[in-house]
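In my numbering, the protein residues as written are 1 to 268. From the three backbone atoms N, C-alpha and C, an ideal C-beta is built for every residue, glycine too. Notes for the one structure printed next.
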């Protein structure tokens with residue numbers, strides 16, 4: 001994968017992300033986030049289709065939006081959204097899978113549709129909550145930890161990596177690269193704290209960076225398992241040099257919610 005191609009794609013994405021995070025009203029940031037979430041969810045369902053699992057894309061996207069609305073409107077409880085989604089899914093599947101030919105596909109179709117929604121929509125909406133409750137600088141801290149950690153893992157792992165960390169999910173990931181990622185994430189946390197969040201104790205920012213990037217290093221190969229299971233390298237090719245939207249947000253699926261809870265319970 002060409003570093004130049006990755007950079008060419010990354011720069012406008014980073015610029016757009018900065019403008020949206022820094023200057024957009026809450027509703028615009030929410031809609032921007034939903035675009036990423038739904039794009040990643042559709043890519044997840046496309047992977048499932050390669051295994052003939054028959055995900056119901058429209059239904060899954062509707063259920064994902066129901067979950068997302070609980071983050072934008074605090075008055076709507078997550079319990080109500082999940083039950084409403086389950087009720088809609090029940091009606092849909094009972095009405096749709098009504099022939100003997102479709103019946104064998106029902107368990108997998110139901111499972112992959114619901115799991116995809118929970119796996120992608122629920123955790124990624126915590127980024128909206130971080131921005132609304134704690135401001136853009138806190139979100140930049142998370143991005144710095146993830147981005148610099150991934151950069152360190154790449155530049156340390158590529159020349160020095162020897163011991164495979166996840167040979168099935170991500171054959172190119174090594175323990176040496178993982179250590180480099182943690183080290184760079186630590187540096188990113190200290191830098192972001194110094195420039196943006198001086199009120200956060202240095203030790204707490206550093207520890208948060210290490211823990212959050214450790215979660216990202218689990219989240220990344222988890223996403224890769226889905227791709228390896230269907231025999232593809234990227235979830236799509238919509239972002240040259242970076243794969244798809246699902247590939248770009250994979251680290252945030254576990255790292256985002258964990259960081260939110262760290263900020264909520266330890267930073268305040």
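* Alpha-carbon to alpha-carbon, residue 252 and residue 119 -> 11 Å
* Measure the C-alpha to C-alpha separation of residue 53 and residue 89 and round it to an integer number of angstroms. => 16 Å
* Asked: Name the DSSP beta bridge partners of residue 243, please?
  -> 239
* Every unbroken alpha helix (DSSP H) inside the segment 89-168 [4 residues or more] -> Look at the segment 89-168 and you find these whole runs of alpha helix (DSSP H), each 4 residues long or longer: 106-124, 126-134, 136-160.
* To do: Would you list the one or two residues that DSSP bridges to residue 170?
  => 166
* To do: Report all residues from its chain with a CB closer than 7 Å to the CB of residue 166; omit the five preceding and five following residues, and keep chain order.
  => 173, 221
* **Beta-carbon contacts of residue 97 that lie in its chain and below 8 Å, excluding the five residues immediately before and after** => 103, 105, 106, 109
* Asked: For residue 12, which of helix, strand or coil comes out of DSSP?
  -> Here residue 12 sits in helix by DSSP.
* Kindly indicate the opening and closing residues of the alpha helix (DSSP H) around residue 265. => Element bounds for residue 265: n/a, residue is neither H nor E.
* Within the same chain, show all residues whose beta-carbon is closer than 7 Å to that of residue 40, passing over the 5 residues directly before and after it, in chain order. => 120, 245, 246, 249
* To do: State whether the segment 200-215 contacts the segment 229-239, with contact taken as three or more CB pairs (one from each stretch) at a distance under 8 Å.
  => no
* To do: Give every residue of the same chain whose Cβ lies closer than 7 Å to the Cβ of residue 71, excluding the five residues on either side of it in the sequence, and list them in chain order.
  => 125, 128, 129
* To do: Taking residue 48 and residue 55 to be in contact with their CB atoms under 8 Å, please state how far apart those CB atoms are, rounded to whole angstroms.
  => 5 Å
* To do: Apply the 10 Å Cβ neighbour rule to residue 44 and answer buried if 16 or more other Cβ atoms are within range, or exposed otherwise.
  => buried
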